[in-house]
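Heads up, my numbering is the position in the sequence shown plus 41, with the first residue counted as 1.
For reference, the structure is listed below as C-alpha cells.
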Amino acid sequence: ATRRRAPSTGPPMSPTAALARRGARALAASVTRLGFAPGHASSRRGLASTRPDADLARSSSPSSSSHSGPPRFAALLGTAAASAGAYAFLLDDEQSSAAQFKLFEYLAPAMRLIDPETAHNVGIELLARGVAPVETRRDPPELAVDAWGLRFANPIGLAAGFDKDAKAFPALEAMGFGFVEIGSVTPKPQPGNPKPRVFRLRELGAVINRYGFNSEGHEPARTRLEAYRANTRATQSEFDATPSPEGAGVPPRLAERGAPVGVNLGKNKLTPEAAAADDYALGVRAMGHTADYIVVNISSPNTPGLRALQGKAHLKGLLRRVLAARDESAKRSRTTPGTHAHKPPVLLKIAPDLTDSDIKDVVAAASSCGVDGIIVSNTTIARPDGVAAMKFGGEAGGLSGKPLMDPSTEVLARVYELTEGKIPLVGCGGVASGRDAYEKIRAGASLVQTYTAFAYEGPALVPAMKAELAACLREDGYESVAGAIGAAHRKGGR
Numbered sequence: 042a043t044r045r046r047a048p049s050t051g052p053p054m055s056p057t058a059a060l061a062r063r064g065a066r067a068l069a070a071s072v073t074r075l076g077f078a079p080g081h082a083s084s085r086r087g088l089a090s091t092r093p094d095a096d097l098a099r100s101s102s103p104s105s106s107s108h109s110g111p112p113r114f115a116a117l118l119g120t121a122a123a124s125a126g127a128y129a130f131l132l133d134d135e136q137s138s139a140a141q142f143k144l145f146e147y148l149a150p151a152m153r154l155i156d157p158e159t160a161h162n163v164g165i166e167l168l169a170r171g172v173a174p175v176e177t178r179r180d181p182p183e184l185a186v187d188a189w190g191l192r193f194a195n196p197i198g199l200a201a202g203f204d205k206d207a208k209a210f211p212a213l214e215a216m217g218f219g220f221v222e223i224g225s226v227t228p229k230p231q232p233g234n235p236k237p238r239v240f241r242l243r244e245l246g247a248v249i250n251r252y253g254f255n256s257e258g259h260e261p262a263r264t265r266l267e268a269y270r271a272n273t274r275a276t277q278s279e280f281d282a283t284p285s286p287e288g289a290g291v292p293p294r295l296a297e298r299g300a301p302v303g304v305n306l307g308k309n310k311l312t313p314e315a316a317a318a319d320d321y322a323l324g325v326r327a328m329g330h331t332a333d334y335i336v337v338n339i340s341s342p343n344t345p346g347l348r349a350l351q352g353k354a355h356l357k358g359l360l361r362r363v364l365a366a367r368d369e370s371a372k373r374s375r376t377t378p379g380t381h382a383h384k385p386p387v388l389l390k391i392a393p394d395l396t397d398s399d400i401k402d403v404v405a406a407a408s409s410c411g412v413d414g415i416i417v418s419n420t421t422i423a424r425p426d427g428v429a430a431m432k433f434g435g436e437a438g439g440l441s442g443k444p445l446m447d448p449s450t451e452v453l454a455r456v457y458e459l460t461e462g463k464i465p466l467v468g469c470g471g472v473a474s475g476r477d478a479y480e481k482i483r484a485g486a487s488l489v490q491t492y493t494a495f496a497y498e499g500p501a502l503v504p505a506m507k508a509e510l511a512a513c514l515r516e517d518g519y520e521s522v523a524g525a526i527g528a529a530h531r532k533g534g535r
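Listed below in C-alpha cells is the structure:
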C-alpha cells in the first residue's frame, strides 16, 4: 500500500510546525476578510462560502449569509485570537501528533460558545485551509478493513453532512479518519431550510438539524474533487491499476494509497418524486469518477417526500437507474484512452424509523438490484424519552447523537440478519466512542461512521476512538475487525 514514494524537495518541516504555519496564515486571512469592521460583519458571507487557498477549492458558489452582526464578529475574532496564541507557541515545535491533538482538545470547547451552524462553518473554513492536527502514527494493524475492493486503514469514518461541499476532506483524512464521506450534494445549488435550523441538546450529546440539503451543487464539489484527484491522491482503483514504476519521479498523487472518499448524493427539493432518479443518476455521471464509493441518500427527514423513495413504489426503479449510470460510466472509463476502469461501489443509506416490514422491503430491493452496501442509519424523527423535555427537544428535524445509538443499532442488527452478512454494512448513528464502534461492528457493521460526537469533541475524538476500539478487540481475543463483525449474532456472542 505504500510501495511508492514522492521525490523529496528538501528538508521536511515538522508536522506541528507546518500545521502552525497554515493556521497562522488561515486565521490572518480570515480576520483580514472580516475587515476589522464589526458594523459590516452582517453583510459578509459566512466563512464556509469563501474560497480557500487550496487548489481543490478553486471554485465555489456563495452560501446564504448569516446576519448576526457584531456578536458573531466578536466570537470569530475571539476564537481566532485564542487559536493564534496557541499556534504561536508551537511555531518551531517538533512535538508529536499527540501534542497536536491535545491542542485541539483544549480549543474544542471554544467552538461550543458559538451557535452551532456558525461553529460548523468556522470549522470547515479552518479545515479547508489545513488547520487541523496531522496524524503521523500508524493505525494498529488489527483495525484494517477490506470492503468492496477498497482498503481502510481503520473502520472509523466521518459521515456525510459535515463536509457538505467537499471543502475539508483532505484535512479530515490527514486527521486519521479511515474514510470520509462528503455531501449530501444536490445537482443544483439550493440554500436549504430557513435558519435557525441546527440545535444542540448538550446534556444528551445530541443535535437536531433541519438543514434540508443545503448544497452548492454538483459543479463546485466536482471541481474540488477533480483537483484533489489530479494533484493530491488518486482513487484507490487508479492506484491499484497503476503499475509500480522503477526509480524516482513518482507523482505525489500515486505515491501512496489514500483513505477512501465517498460521495453522498441527494435530490433537489423542487425535483418531484417521479423524477428523483434523474437527480441521483446525474450525480453518478457528474461525480462518480472522483469517488471511491457512492451513497444514495433517500433517508433524510428534512426534504419533503424524500423518505417515500424507500418504499416499494420507487426504490427498485431508482436503484436500477443509479446502478445503470454507474455501469455506463465504468464502461466509458474502460474504453477512453488515458483512463482506468473505475466502477465505484454504490451504497444505500436508510432511515432508523422503518417498520420491520419496511426493512424487509428495503433489503429485498437492495439485494435484488445488486447494491453493494447499506448505511444504517440516518437521523431519526422519533424523540426518545427525555429528548422532548429538553430545551430545543421539540424542534422539527432529524435527531442525531447518543440517543440514536440504540435504535439505529437495532435496525443495523436486523439488516445484518436479513442480508445474512453477505452485504457489507456501515453502522452510523450515535457513535461517540471506540466502544460504541465496537458495538456496531458486533451488530454487523464492517465500517462505522461518527458525526455528532465529532462536532462536540473535535479532532481529539479520532485517535481516542481508534485506541479504544483496538483495546476492545484485544480484550475479546479478536485479531482483526473482520473477526468481530456480526459477533453478537453468533452463539455465545462470539
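Cβ atoms here follow ideal geometry from the backbone N, Cα and C, with glycine treated the same way.
If you're wondering where the values come from, they're calculated on a predicted model, not measured in any experiment.
Under the DSSP definition of a beta bridge, which residues are partnered with residue i?
i: Gly468; result: Val417, Val489
i: Tyr334; result: Gly303
i: Arg192; result: Asp187
i: Val226; result: Leu306
i: Ser256; result: Gln231
For residue i and residue j, I'd like the C-alpha separation in whole angstroms.
i: Val325; j: Gly518; result: 41 Å
i: Asn250; j: Arg294; result: 36 Å
i: Thr344; j: Gly427; result: 26 Å
i: Asp96; j: Tyr497; result: Any reading at Asp96 must be qualified, since the residue scores a pLDDT of 43, below 50, and its modelled position is unreliable; no value is offered.
i: Met506; j: Lys372; result: 39 Å
i: Ala89; j: Ile165; result: Annotation note: pLDDT 31 at Ala89 (below 50); position unreliable, no value reported.
i: Leu184; j: Thr177; result: 16 Å
i: Tyr128; j: Phe495; result: Since pLDDT at Tyr128 reaches only 49, below the 50 mark, its modelled position is unreliable, and the value read off the structure follows with that caveat. Tyr128 and Phe495: Cα-Cα distance of roughly 22 Å.
i: Gly299; j: Phe142; result: 21 Å
i: Glu458; j: Ala318; result: 28 Å
i: Lys463; j: Gly499; result: 34 Å
i: Leu356; j: Ala406; result: 7 Å
i: Glu297; j: Phe210; result: 17 Å
i: Phe433; j: Arg241; result: 8 Å
i: Lys413; j: Asp156; result: Correcting the residue identity first, residue 413 is Asp in this sequence and not Lys. Between Asp413 and Asp156, the C-alpha separation is close to 38 Å.
i: Ser449; j: Leu360; result: 23 Å
i: Thr331; j: Arg263; result: 8 Å
i: Ala200; j: Gly224; result: 9 Å
Let me check understanding here. Comparing Cα to Cα, which of the options lies closest to residue i?
i: Pro342; options: Glu183, Leu440, Ala494; result: Leu440
i: Pro292; options: Ala282, Val302, Leu306, Ala271; result: Ala271
i: Asp281; options: Pro301, Asp413, Ala160; result: Pro301
i: Lys481; options: Leu323, His161, Leu510; result: Leu510
i: Gly190; options: Lys384, Leu199, Val363; result: Lys384
i: Leu266; options: Ala316, Val304, Ala296, Pro230; result: Val304
i: Gly219; options: Ile526, Ala529, Thr491, Gly258; result: Thr491
i: Pro235; options: Glu244, Gly253, Lys229; result: Gly253
i: Arg348; options: Arg362, Asp394, Ala316; result: Asp394
i: Ser374; options: Asp402, Glu279, Phe193; result: Glu279
i: Asp180; options: Ala169, Val337, Ala215, Gly258; result: Ala215
i: Asp333; options: Gln351, Ala429, Arg192; result: Arg192
Using the three-state DSSP reduction, which class does residue i fall into: helix, strand or coil?
i: Ser109; result: Residue placement at Ser109 is flagged as unreliable, the pLDDT there being 45, under the threshold of 50; the coordinate-derived value follows with that caveat. Coil.
i: Ala473; result: coil
i: Ile400; result: helix
i: Arg373; result: helix
i: Ile155; result: coil
i: Phe218; result: coil
i: Ile339; result: coil
i: Val412; result: coil
i: Val163; result: helix
i: Lys390; result: strand
i: Ile526; result: coil
i: Leu395; result: coil
i: Pro181; result: coil
i: Asp204; result: coil
i: Ala262; result: helix
i: Arg362; result: helix
i: Lys143; result: helix
i: Lys353; result: coil
Along the alpha helix (DSSP H) that carries residue i, what are the first and last residues, could you check?
i: Asn250; result: Note, Asn250: premise wrong, no alpha helix (DSSP H); beta strand (DSSP E) at 247-250.
i: Gly499; result: Careful: Gly499 lies outside any alpha helix (DSSP H) and carries neither H nor E.
i: Gly533; result: Run containing Gly533: none; DSSP gives neither H nor E here.
i: Val239; result: Counting along the chain, Val239 falls outside any alpha helix (DSSP H), though it belongs to the beta strand (DSSP E) covering 239-242.
i: Asp517; result: Per DSSP, Asp517 belongs to no alpha helix (DSSP H) and is neither H nor E.
i: Asp538; result: Since the first residue shown for the chain is 42 and the last is 535, residue 538 is missing from the structure and cannot be characterised.
i: Pro448; result: 446-460
i: Lys280; result: The sequence as given places Phe at residue 280; Lys does not occur at that position. Residues 277-282.
From which residue to which residue does the beta strand (DSSP E) around residue i run?
i: Leu199; result: 197-199
i: Ser441; result: 439-442
i: Ile422; result: Careful: Ile422 lies outside any beta strand (DSSP E) and carries neither H nor E.
Cβ-heavy atom distance between residue i and the ligand ATP below 7 Å?
i: Phe254; result: Judged by which ligands are present, the structure shown has none, so any question about the ligand ATP falls away.
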